[in-house]
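Beneath this line is the structure, given in structure tokens, with notes to follow.
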Amino acid sequence: MVTQSQVLAWLDRYADLIAEQREYLTELDAAIGDADHGINMNRGFQKVKSQLPTMADKDIGSILKNTGMALLSSVGGASGPLYGTLFMRAGMKVDKKQALTADDLLALLQGGLEGVIQRGKSQVGDKTMIDAFQPAVEGYEAATHAGKSVVEALTEAADAAEAGRDATLPLIARKGRASYLGERSKDHLDPGATSLAMLIRTLAESAAEG
Amino acid sequence: MVTQSQVLAWLDRYADLIAEQREYLTELDAAIGDADHGINMNRGFQKVKSQLPTMADKDIGSILKNTGMALLSSVGGASGPLYGTLFMRAGMKVDKKQALTADDLLALLQGGLEGVIQRGKSQVGDKTMIDAFQPAVEGYEAATHAGKSVVEALTEAADAAEAGRDATLPLIARKGRASYLGERSKDHLDPGATSLAMLIRTLAESAAEG
Amino acid sequence: MKKLINSPDDVVRESIEGMILAHGDLLKAHYEPNVIYRADAPLNGQVALVSGGGSGHEPMHGGFVGLGMLTAAAPGEVFTSPTPDQMLEAAKLVDGGAGVLNIVKNYTGDVMNFEMAAELANSEGIAVRNILIDDDVAVKDSLYTAGRRGVGTTVLAERICGAAAERGYDLDRIADLCRQVNINGRSMGMALTSCTVPAKGSPTFELGEREMEIGIGIHGEPGQARMDMKSADEITEMMALEIINDGAYSRTVREWDSEAEDWKEVEITDPPFASGDRLIAFVNSMGGTPVSELYIVYRKLAQICDQHGLTIVRNLVGPYITSLEMQGASITLLKVDDEMLALWDSPLNTPALRWGM
Amino acid sequence: MKKLINSPDDVVRESIEGMILAHGDLLKAHYEPNVIYRADAPLNGQVALVSGGGSGHEPMHGGFVGLGMLTAAAPGEVFTSPTPDQMLEAAKLVDGGAGVLNIVKNYTGDVMNFEMAAELANSEGIAVRNILIDDDVAVKDSLYTAGRRGVGTTVLAERICGAAAERGYDLDRIADLCRQVNINGRSMGMALTSCTVPAKGSPTFELGEREMEIGIGIHGEPGQARMDMKSADEITEMMALEIINDGAYSRTVREWDSEAEDWKEVEITDPPFASGDRLIAFVNSMGGTPVSELYIVYRKLAQICDQHGLTIVRNLVGPYITSLEMQGASITLLKVDDEMLALWDSPLNTPALRWGM
Ligand SMILES: Nc1ncnc2c1ncn2[C@@H]1O[C@H](COP(=O)(O)OP(=O)(O)O)[C@@H](O)[C@H]1O
Ligand SMILES: Nc1ncnc2c1ncn2[C@@H]1O[C@H](COP(=O)(O)OP(=O)(O)O)[C@@H](O)[C@H]1O
Ligand SMILES: [Mg+2]
Ligand SMILES: [Mg+2]
Ligand SMILES: [Mg+2]
Ligand SMILES: [Mg+2]
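First to last, the protein sequences are chains A, B, C and D. Mind the numbering: the first sequence is residues 1311 to 1520 in my numbering, read in order. Mind the numbering: the second sequence is residues 1311 to 1520 in my numbering, read in order. Mind the numbering: the third sequence is residues 3 to 359 in my numbering, read in order. Mind the numbering: the fourth sequence is residues 3 to 359 in my numbering, read in order.
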């Protein structure tokens, strides 16, 4: 089970990590984009973090939808609608819940993934956050089907996300700003895949800390 | 005596020296001015040099006045009217001559100096070309009065010009663009004094080579 | 980083405040979310023209708000698309009952945010159309990219469509006109230096003393290729020929279907330029290149157009769609017809462009 | 050096050629010596306004030639005063029988060349007056310097006097008006980076990553002092206060005495600003600073003027008197009366500034 307070802890932890990794994510974006991914994500998640106190007595669905709205209205760029949609769709899958079962979590992750795919029209191999997100969701599903605990399954999801992130290194981007670079987008990690992998890792960590 | 062909040789020699010292004079001007003195002087004296062939059968007065006109219409900036006036006034003092006696040369130099002083309203110590020019004319006059030959007197004039140029180093500029710098104009040679000292030195050399 | 700013976080806000102080006769601002709009909006029965995008391209878009051009601009953070709520706020502030045309530069972020905004606005009863500008010929392959970027043609489209709104064209007709401008406009840009995003504080890329970046966008992103510096004439020729010789370019874009209340896919094709075409030629500074150098580029561009039988009937030379303080330039050529030309010439009064009044 | 140029020697010429290609409806050029002049000049019975100076300050002066501003501009080499024959050529091209006013920025070179040109023109029967602009408050001591430099007020004087010429003011009245504008205008500038003179090929000075130069002129020359970078608000305050608090400034200038046919010395004094004054506020980019930053400066400037009881009635924000690609800004405040204001607002049509038509 993942509790409402673990969800709040997750968002808080992720916001802190993004603040810490702001320059790193921005540097990644400087290489194949426009040098703002860390700045964008940090602006959004600082807003999310500032709203967490008002979320203390809200259900998980509301918390996630609120997160999505906050991101949508503060991030901008490509990552704003994508992360915004991710959280809004994820929240819609767990409406009114105070705690999440392994299945709830799967629905949440799948809902988020579908939202991002619909919004961004990208697929694995396009060198986007999908390259980290889809393996993560698949990894989580496989692990729970194999009977692993939620924490174990989330940890495997995070491992898969990081492997997916690393797999973006040699790819030629086909979506987003990096696609304009063609061959020159090779040999760089995708910034969105990197921030997405951090999102799954912090979820696993927050679930483990209980 | 300084012959008409020595005058032509002088202008040719000076034009070549300026071309060679273009960067140096410009660097001096970058420190306390606007980084164009070498460029300006070179533009002017390349024009003068290009007209020398048409001067082959002209008298010295005409050659100098023509030089002044060429400078006036091509140099611009502060040095354009100053060097232009110098040569025009110098030329007016030696009208129609094919050769110059020691006295002619003194008249020529004094005429040029007066022209520059009238035009620029500066005096020794203002950190301008006058700091090199006036000691040169005075040095020449003293040397001829002391019975030295024209070549000797011009050489002393050139020495005096260079000493005057060096004496601009510690000065605070009071005229021209460098004056805006106030105290910060200290510890730099004045570019115009430097080009002027070169003018006298090449005159002495051309007279000596005969 | 050396900039005339206070804190990187306040750049967009304070710059808007300064604009409003300077141009209070023309402009008003709404803050959080940020919108710059015409002081006399909403204009009853007139289509409202909204554009927006990241800040850092000044004077675009805020400097183009005024009579005969935009009704509102939604400025995002530097080089970051504005947010849907911001665009929605803009639409609400300026809709005069005749609907809103969003002019959207084709970047993933701008497109997604403007699409969400259009969905929201239409669901709230404001008729909104989005028209994409995708004119950057430096992007070669639209199958394996997010398509051509929207660059210089945006400025020309904002002007021509703004004039049309002033003349009372209805929403569908303006949307159609905007699409026509887009398919008839082509651009290409290059950089001599990088720019520095304030929040990042260091240059986005490094260029050697003898290098330039060709085929850049407007966000300090790397371009098509890096190469040795060339002369202004060679650079101009390189860009002009890529533009002039560009073939028919087809792609599928999404436009709002007001009947179906959903997006529909529309295939559009840019017709290539041909001898005899009349052009508006736009030579743009990326911000740090002085206008004297733009005229050197324009000189060569005019010669090349002439050699190709293309007649420049109007021109625009200056910093109008920039990348902060980046040195570099872009060229835009737009084929015009009599209608576009008459609209171009009609009265215009914005902070950055003004004529006829 | 990275610039969009062909050869350093051709920069001025090719830039003029480009201007003429782009603005052939407004401008003509004469080459060797170079003059940019109104296509419809000479204007019979109307005073002609001529200005000139080194190139590299674009759009000044060529971009200000047109209806309601200059009749001709004499562009020198980069940062080098034009030559007397060039200024004389300009006077001959545009004199419409009512005489010529030369607006001269106070630099030794400009002053000497324009004085020689005026002597020549007057001796040839063209009535010429020279009025100096010397508005740079960064130059403190006029006894031990060549006096204050002519900077931003030049742009405002060219506009206001150009409008007066259009209205039929005679030569003495325009000369007088120009002197009034000059003594009521004050400026100060600063630089974040150096510029690079094309013929030199390397930056005129070097500034550290955290340094700025304050009290600069417009030729890439070093300024009053070098200091640590400050915020836009602090920099604006520093410059604005030096301008606003500047006392009565007296100096002797030379003006042409048409009776005596010789120069006479005239003592003039700038009256200090006082609460209640109405101002034109001009925030200028040195070339490489984007307009977004200028608005941040304008924002603070407007606050400071307000605190001092000074009312900004018009403003101009943009790159109008530049130093090539230098990053930095200058502020000019001009106290205006009703007459100047009406002239300011009258129709204007030049490549760089246009309104009312
Ligand atoms: N169509 C898309 N689908 C999924 N992810 C995308 C898409 N386009 C871009 N991204 C992601 O967005 C990231 C860039 O985000 P960000 O830099 O914040 O926005 P922008 O590109 O607008 O500056 C990319 O690294 C990529 O992972
Ligand atoms: N009033 C003056 N009288 C005499 N010489 C002067 C005067 N003003 C400037 N100069 C000389 O001119 C030189 C600068 O010439 P130059 O750089 O070509 O012109 P500018 O200052 O217009 O750029 C100075 O070094 C100085 O020697
Ligand atoms: Mg980015
Ligand atoms: Mg100089
Ligand atoms: Mg971005
Ligand atoms: Mg000079």
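Idealized CB from N, CA, C, for every residue including glycine. All values derive from a computational prediction rather than experimental measurement.
1) Taking residue 117 (chain C) as the reference, which of C:207, C:89, C:135 has the closest Cα?
2) Could you check whether the Cβ of residue 118 (chain D) sits closer than 7 Å to any Cβ belonging to chain B?
3) Do we get a CB-CB distance below 7 Å when we pair residue 265 (chain D) with the residues of chain C?
4) Using alpha carbons as the reference points, say which of C:295, C:353, C:297, C:288 lies closest to residue 317 (chain D).
5) For the stretch 85-138 of chain C, which segments carrying the beta strand (DSSP E) assignment without a break, of at least 3 residues, lie completely within its bounds, in sequence order?
6) Assuming the contact rule is C-beta atoms closer than 8 Å, residue 1317 (chain B) and residue 1371 (chain B) should be a hit. Round their C-beta distance to whole Å, please.
7) Given 6 Å as the limit, tell me if residue 1500 (chain B) has its C-beta closer than that to any heavy atom belonging to ligand 6.
8) Residues around ligand 3, please: the ones whose beta-carbon is closer than 5 Å to some heavy atom of it, in chain order.
9) Based on the DSSP secondary-structure assignment, which residues constitute the bridge partners of residue 1317 (chain B)?
10) Using the beta-carbon of each residue, which ones in chain A are nearer than 8 Å to residue 86 (chain C)?
11) What residue range does the alpha helix (DSSP H) around residue 1371 (chain A) cover?
12) Closest to residue 44 (chain C) by C-alpha separation, out of C:254, C:99, C:286, C:249, would be which residue?
13) Determine the contact status of residue 112 (chain C) and residue 187 (chain C), defining contact as a CB-CB distance below 7 Å.
14) Using a Cβ-based criterion (distance less than 6 Å to any ligand heavy atom), does residue 1392 (chain B) qualify as near ligand 2?
15) Counting only beta-carbon separations shorter than 7 Å, does residue 289 (chain D) have a partner in chain C?
16) When you compare the CB positions of residue 1437 (chain A) and residue 1395 (chain A), do they come within less than 7 Å of one another, or not?
17) Going along the chain, which unbroken runs of the alpha helix (DSSP H) with 4 or more residues stay wholly within the stretch 182-213 of chain D?
18) Just to make sure I have the definition right: I need the residues of chain A whose C-beta is within less than 8 Å of the C-beta of residue 83 (chain C). Which are they?
19) For residue 1311 (chain A), count the other beta carbons within 10 Å of its own beta carbon; 16 or more makes it buried, fewer makes it exposed. Which is it?
20) Please tell me whether residue 293 (chain D) and residue 60 (chain C) are closer than 7 Å, where the distance is taken between their beta carbons.
21) Under 8 Å Cβ to Cβ from residue 1 (chain D), same chain only, skipping five residues before and after it: list those, please.
22) Using the beta-carbon of each residue, which ones in chain A are nearer than 7 Å to residue 300 (chain C)?
23) Could you tell me whether the stretch 1485-1495 of chain B touches the stretch 1447-1459 of chain B, where touching means 3 or more Cβ pairs closer than 8 Å?
24) Going by Cα to Cα distance, which pick from A:1340, A:1386, A:1345, A:1519 is closest to residue 1355 (chain A)?
25) CB residue 358 (chain C) to CB residue 326 (chain C), shorter than 7 Å?
26) Would residue 192 (chain C) pass as a contact of residue 216 (chain C) if the rule is Cβ separation under 7 Å?
27) Could you give the uninterrupted runs of the beta strand (DSSP E) lying entirely in the stretch 137-174 of chain C, keeping only those of 3 residues or more?
28) Taking only heavy atoms of ligand 5 into account, decide whether any of them is closer than 6 Å to the Cβ of residue 81 (chain C).
29) Could you list which residues in chain C have their beta carbon closer than 7 Å to that of residue 1345 (chain A), in chain order?
30) Counting only beta-carbon separations shorter than 7 Å, does residue 297 (chain D) have a partner in chain C?
31) Closer than 7 Å between beta carbons: that is the criterion. Which residues of the stretch 1468-1486 of chain B meet it against chain D?
32) Going by the DSSP bridge assignment, what does residue 257 (chain C) pair with across the sheet?
33) Quick check on residue 276 (chain D): does DSSP put it in helix, strand or coil?
34) Would a check of beta-carbon distances place residue 115 (chain D) closer than 7 Å to chain B?
35) With a threshold of 7 Å between beta carbons, is residue 1352 (chain B) in contact with chain D?
36) Would residue 75 (chain D) pass as an interface residue toward chain B - the criterion being a Cβ-Cβ separation below 7 Å?
If we stick to the structure as given:
1) Translated into the one-based positions of the third sequence, residue 117 (chain C) becomes position 115. Among C:207, C:89, C:135, the Cα nearest to that of residue 117 (chain C) is on C:89.
2) On the fourth sequence, position 116 is the one that residue 118 (chain D) refers to. Under the 7 Å criterion on CB atoms, residue 118 (chain D) is classed as interfacial with respect to chain B.
3) Mapped onto the fourth sequence, residue 265 (chain D) falls at position 263. Taking 7 Å as the threshold, the shortest C-beta distance from residue 265 (chain D) to chain C does not fall below it.
4) Taking the first residue of the fourth sequence as 1, we reach residue 317 (chain D) at position 315. For the options C:295, C:353, C:297, C:288, the alpha carbon positioned closest to that of residue 317 (chain D) is the one of C:353.
5) Runs found: 102-107, 130-135.
6) As a working note, residue 1317 (chain B) is residue 7 in the second sequence. As a working note, residue 1371 (chain B) is residue 61 in the second sequence. With a beta-carbon spacing of about 10 Å, residue 1317 (chain B) and residue 1371 (chain B) fall beyond the 8 Å limit used to define contacts.
7) Numbered from 1 along the second sequence, position 190 holds the residue referred to as residue 1500 (chain B). No; taking the cut-off as 6 Å, the Cβ of residue 1500 (chain B) has no heavy atom of ligand 6 nearer than that.
8) Selection output, chain order preserved: A:1339, A:1343, A:1344, A:1346, A:1347.
9) Start at 1 with the first residue of the second sequence, and residue 1317 (chain B) comes out as number 7. Answer is none; residue 1317 (chain B) lacks a bridge partner.
10) For the purposes of this step, residue 86 (chain C) is identified with residue 84 of the third sequence, where counting begins at 1. In chain order: 1382, 1383, 1391.
11) The residue labelled residue 1371 (chain A) in the question sits at position 61 within the first sequence. Per DSSP, residue 1371 (chain A) is one residue of the alpha helix (DSSP H) stretching across 1370-1382.
12) Within the third sequence, the letter at position 42 stands for residue 44 (chain C). Out of C:254, C:99, C:286, C:249, C:99 has the C-alpha closest to the C-alpha of residue 44 (chain C).
13) Locating residue 112 (chain C) in the third sequence gives position 110, counting from the first residue. Locating residue 187 (chain C) in the third sequence gives position 185, counting from the first residue. No, these two residues do not count as a Cβ contact at 7 Å.
14) Reading the second sequence from its first residue, position 82 is the one you call residue 1392 (chain B). Yes, the Cβ of residue 1392 (chain B) comes within 6 Å of a heavy atom of ligand 2.
15) The sequence position of residue 289 (chain D) within the fourth sequence is 287, counting from 1. The Cβ of residue 289 (chain D) sits closer than 7 Å to at least one Cβ of chain C.
16) Taking the first sequence and counting its residues from 1, the one referred to as residue 1437 (chain A) is at position 127. Taking the first sequence and counting its residues from 1, the one referred to as residue 1395 (chain A) is at position 85. Not closer than 7 Å, so no.
17) None, since the stretch 182-213 of chain D contains no complete alpha helix (DSSP H) of that length.
18) On the third sequence, position 81 is the one that residue 83 (chain C) refers to. Those are 1386, 1387, 1388, 1390, listed as they occur along chain A.
19) Here residue 1311 (chain A) refers to the residue found at position 1 when the first sequence is read from its first residue. That one is exposed.
20) Here the question's residue 293 (chain D) lines up with position 291 in the fourth sequence. Here the question's residue 60 (chain C) lines up with position 58 in the third sequence. A Cβ-Cβ contact shorter than 7 Å links residue 293 (chain D) with residue 60 (chain C).
21) Given a span of 3 to 359 for chain D in the structure shown, any question on residue 1 (chain D) remains unanswerable.
22) Mapped onto the third sequence, residue 300 (chain C) falls at position 298. Simply none; closest approach about 26 Å.
23) Judged by Cβ distances under 8 Å, the stretch 1485-1495 of chain B makes no contact with the stretch 1447-1459 of chain B, as fewer than three pairs qualify.
24) Within the first sequence, the letter at position 45 stands for residue 1355 (chain A). Out of A:1340, A:1386, A:1345, A:1519, A:1386 has the C-alpha closest to the C-alpha of residue 1355 (chain A).
25) Here residue 358 (chain C) corresponds to residue number 356 of the third sequence, with the count starting at 1. Here residue 326 (chain C) corresponds to residue number 324 of the third sequence, with the count starting at 1. It is not a contact, given that the beta carbons lie outside the stated cut-off.
26) Counting from one through the third sequence, the residue named residue 192 (chain C) turns up at place 190. Counting from one through the third sequence, the residue named residue 216 (chain C) turns up at place 214. By the CB criterion at 7 Å, residue 192 (chain C) and residue 216 (chain C) fall inside the cutoff.
27) Segments of the beta strand (DSSP E) lying fully in the stretch 137-174 of chain C: there are none.
28) Taking the third sequence and counting its residues from 1, the one referred to as residue 81 (chain C) is at position 79. At least one heavy atom of ligand 5 falls within 6 Å of the beta-carbon of residue 81 (chain C).
29) Counted from its first residue, the first sequence places residue 1345 (chain A) at position 35. For residue 1345 (chain A), the neighbours in chain C by C-beta distance under 7 Å run, in chain order, 199, 202, 206, 222.
30) Translated into positions along the fourth sequence, residue 297 (chain D) becomes position 295. By this cut-off, residue 297 (chain D) is an interface position.
31) Answer set for the stretch 1468-1486 of chain B: 1484, 1485, 1486.
32) Along the third sequence, read from residue 1 onward, the residue named residue 257 (chain C) stands at position 255. Residue pairing of residue 257 (chain C) in beta bridges, as defined by DSSP: C:266.
33) Here residue 276 (chain D) refers to the residue found at position 274 of the fourth sequence. In the structure shown, residue 276 (chain D) sits in coil (DSSP, three-state: anything other than H, G, I, E or B).
34) Position 113 of the fourth sequence holds residue 115 (chain D). Yes, residue 115 (chain D) lies at the interface with chain B (some Cβ there is under 7 Å from its Cβ).
35) Your numbering for residue 1352 (chain B) matches position 42 in the second sequence. With respect to chain D, the C-beta atom of residue 1352 (chain B) has no partner C-beta closer than 7 Å.
36) Against the fourth sequence, residue 75 (chain D) aligns to sequence position 73. Not an interface residue.
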